[in-house]
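Enquirer:
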Amino acid sequence: MRRRLGDSIFAFVVFLAAFAVIALMALMVYELLRQSLPSIEQFGARFLISREWDPVNNVYGALPYIYGTIVSSLLALLMAVPLSLGIAIFLSQFAPRWLRSPLGLLVDLLAAIPSVVYGLWGIFVLAPFLGKTIEPFLADHLGSIPVFRGPVYGVGLFAASVVLAIMITPTISAISREAMLNVSRDQKEAAQALGATPWETVRMSVLPLARPGIIGAVILGLGRALGETMAVTMLIGNVRQLNASIFAPAYSIASVIANEFAEVTEGPHMAALVEMALILLFITLLLNLLARLLVQRTGNRAARLKGRPFAKNRP
Amino acid sequence: MAGYIATNNLGASFGGVQAIENITFEIPANKVTAIIGPSGCGKSTFLRCLTRMHELVPGARISGEVVWDGKNIYASEMDATEVRRGIGMVFQKPNPFPLMSVADNVSAGLRLAAGRMSKARIAEIVERSLKLAALWDEVRNKLHKPGGSLSGGQQQRLCIARALAVQPDVILMDEPCSALDPASTQKIEDTIDKLKKSYTFVIVTHNMQQAARVSDFSGFMLSQEMGEPGRMIEYGPTNKIFTTPERKETENYITGRFG
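Sequences listed follow chains L and D, in order. To convert, count from 1 in the first sequence and add 82; that's this note's numbering. To convert, count from 1 in the second sequence and add 18; that's this note's numbering.
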């Protein structure tokens, strides 16, 4: 009797814990929806495509912020994914044993640095460096492409993306490394026995089987980049504009919320900011869901084919 | 002849533990040579040394020589990937590339080798290799299905076809049937029998009936005590090893007194 009572209490407690997550999520969405309702009612879909953001006349549109968020995150991925895959491949396949843990730890430590520190470093070191070297170089040589055209400030979309890339590299490389370590030795030997070089072995055996894990890693990194506030706010320039050049200053959803929430109390401005939060949440959720589907589809296929049982009778 | 391999005083260790020692052995070309012996006697290690697979394990060391085609494969000027192309290997557990199609599995080694081949030429080799491995009839309509979708026995024949496609001189097999049912085992043994005219086979097996059925020559390996390195105790024509072995240990093993 006593045990059964204990069991039901335990079951109730764990149910409560699980339920709390759902309740929190639901409450958050509810609250965001409730508070942004005035803005949603007033601007409708125009909110998503308008560039206006005028607290004096109470006209709001989120496009420059959505643009800044998405472009800075995608640019960050563009830089972080090759770097992270390089790190993961080296750590899982090529690094001598004594180097694996210290190097892996060092990469993991990058994730422990507070984002405000990244931001400071970005402002005082990275942005001036980019503004003096890489950005002018790119503008001089690839200036015919609009993306690389225009004046160079240092601080801007590009600088924010570089810092974001550094910040998401530990996430992507650590998870990809795990996925690559999980590829079994006999799969690698299959390629090696055919005369594959180390790189060919990675391409033929390791990457295809680690792919679901790598996709998951990339999506997690992207999620982090989309929501990153402090470092981006310090580096993106906080100028509400749509400019084709990646060197131009821009603005992001998280930054505008952080910069403006202190100055507003209620009214349309507040509703507009909350709607921005809702949009950010929505983008992040959507991407996560998409990633999960992607991972599930390729992952299931891989697991099904890898785990196929052999005939059981041994002669 | 290109399929002839001789080892000279071959030894191998992992992380300081000597697995095999002092093995001087000859593998005649275009014959099937079986390596038999109890578990832990270093048969698999010996086999892996013949195509430079042993060195891929961290902490592995090799001493002595393996002479193939007149050259020591461990000589500094030899390229390990080149050796592995000429001396193919089939593993105990079937290991096709599970997500790659059946056809791509077979042509994987071809696509690695330098120089571009026409699609038609590749398709031709794929078909020929699958026919040689006695798998063509079963997979001719599934060439675009993933390799992992085949049954265990089919997967192992797919691995044989993959090894054959690069036209090696020698094919090493490490207990190729131990994970398979008797019907699949039969198919693989038939395949070996059919192919031995043009390839040299070395097959490690636990199964003495199998050694007796498929091999022309046999080598008996034994590690005298637990933890002792394995040595080649005796080798010769299979029927001699199985009927009138010279060494007592061989006779004991063959007659089932241990192992």
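By construction, the Cβ of each residue, glycine as well, lies at the ideal position given by its N, Cα and C atoms.
Need the endpoints of the alpha helix (DSSP H) that SER236/D sits in, please.
Expert: Here SER236/D belongs to no alpha helix (DSSP H); instead the beta strand (DSSP E) covers 235-240.
Enquirer: Could you tell me which uninterrupted alpha helix (DSSP H) segments, each at least 4 residues in length, are contained entirely in the region 273-308 of chain L, listed from first to last along the chain?
Expert: 280-283
Enquirer: So with CB distances below 7 Å, who are the chain D contacts of GLN269/L?
Expert: Chain D residues near GLN269/L: ASN113.
Enquirer: What does ALA37/D reach in chain L if we use C-beta pairs closer than 7 Å?
Expert: Chain L residues near ALA37/D: none, gap ~17 Å exceeds 7 Å.
Enquirer: How many Å lie between GLU73/D and ILE80/D at the Cα?
Expert: 7 Å
Enquirer: Considering only residues of the region 130-186 of chain L, which uninterrupted alpha helix (DSSP H) runs meet the minimum length of 4 residues and lie entirely inside it, listed in chain order?
Expert: 145-171
Enquirer: Could you tell me which whole beta strand (DSSP E) segments of length 3 or greater appear in the region 76-140 of chain D?
Expert: 78-86, 105-108
Enquirer: Using DSSP with H/G/I as helix, E/B as strand and the rest coil, what is LEU324/L?
Expert: In the structure shown, LEU324/L sits in coil (DSSP, three-state: anything other than H, G, I, E or B).
Enquirer: Could you tell me the boundaries of the alpha helix (DSSP H) in which TYR235/L lies?
Expert: Element bounds for TYR235/L: n/a, residue is neither H nor E.
Enquirer: Compute the distance between the beta-carbons of LYS163/D and SER119/D, then report whether it is under 9 Å.
Expert: yes
Enquirer: Kindly provide the ranges of any alpha helix (DSSP H) runs that are 4 or more residues long and lie completely inside the region 201-250 of chain D, ordered along the chain.
Expert: The region 201-250 of chain D contains these whole alpha helix (DSSP H) runs: 226-232.
Enquirer: Mark ARG322/L as exposed unless 16 or more other C-beta atoms lie within 10 angstroms of its C-beta, in which case mark it buried.
Expert: buried
Enquirer: Taking just the CA atoms, how far does PHE238/D sit from ILE105/D?
Expert: Cα-Cα distance, rounded: 22 Å.
Enquirer: My output table needs one value for ASP89/L: the three-state DSSP class, helix, strand or coil.
Expert: helix
Enquirer: Answer yes or no: does any C-beta atom of chain D fall closer than 9 Å to that of SER287/L?
Expert: yes
Enquirer: Would you mind telling me which residues of chain D sit closer than 9 Å to ALA177/L, beta carbon to beta carbon, in chain order?
Expert: Result: empty, since nearest Cβ-Cβ is about 11 Å, beyond 9 Å.
Enquirer: When you check each C-beta in the region 276-309 of chain L against every C-beta of chain D, which residues fall closer than 8 Å?
Expert: LEU276, GLY277, ALA278, THR279, GLU282, MET286, SER287, PRO290, LEU291
Enquirer: Of the residues THR251/L, ALA273/L, THR311/L, PHE364/L, which one's Cα is nearest the Cα of GLY168/L?
Expert: THR251/L
Enquirer: For GLU41/D, list the residues DSSP reports as bridge partners.
Expert: In the sequence as displayed, the identity of residue 41/D is Ile instead of Glu. For ILE41/D, which the question treats as bridged, DSSP gives the partners LEU28/D.
Enquirer: Enumerate in chain order the residues of its own chain whose CB-to-CB distance from THR151/L is below 8 Å, with the five nearest sequence positions on each side excluded.
Expert: LEU308, SER334, ILE335, ALA336, LEU362, ILE365
Enquirer: Specify the secondary structure class of GLU409/L as computed by DSSP and reduced to three states.
Expert: Outside the displayed range of chain L (83 to 397) lies residue 409/L, so it cannot be described from this structure.
Enquirer: Can you pull the chain L residues whose beta carbon is under 7 Å from the beta carbon of THR63/D, in chain order?
Expert: Chain L residues near THR63/D: none, gap ~14 Å exceeds 7 Å.
Enquirer: Given that a residue counts as buried once 16 or more other Cβ atoms are within 10 Å of its Cβ, and exposed if not, what is THR283/L?
Expert: Classification of THR283/L: buried, given that the 10 Å Cβ count is 16 or more.
Enquirer: From this set, THR25/D, PRO46/D, GLY34/D, which residue's C-alpha is nearest LYS215/D's C-alpha?
Expert: PRO46/D
Enquirer: Label THR273/D either buried or exposed according to how many other C-beta atoms from any shown protein chain fall within 10 Å of its C-beta, with 16 as the threshold for buried.
Expert: exposed
Enquirer: I need the boundaries of the alpha helix (DSSP H) containing LEU65/D, first residue and last residue.
Expert: 61-67
Enquirer: Do GLY82/D and LEU148/D have their beta-carbon atoms positioned less than 9 Å apart in this structure?
Expert: Here LEU148/D is not near GLY82/D, since their CB atoms are 9 Å or more apart.
Enquirer: Which of the three DSSP states, helix, strand or coil, is assigned to PRO210/L?
Expert: helix
Enquirer: What did DSSP end up calling GLY166/D once you bin it into helix, strand or coil?
Expert: Three-state DSSP puts GLY166/D in a helix.
Enquirer: Following the continuous alpha helix (DSSP H) through THR268/D, name the residue where it begins and the one where it ends.
Expert: 266-272
Enquirer: So is VAL184/D in contact with chain L if we call contact Cβ pairs under 9 Å?
Expert: yes
Enquirer: Under the three-state reduction of DSSP, which class applies to TYR253/D: helix, strand or coil?
Expert: DSSP places TYR253/D in strand when its eight states are reduced to three.
Enquirer: Should the region 236-251 of chain D be regarded as contacting the region 52-70 of chain D, the criterion being three or more beta carbon pairs within less than 8 Å?
Expert: They touch, by the three-pair rule.
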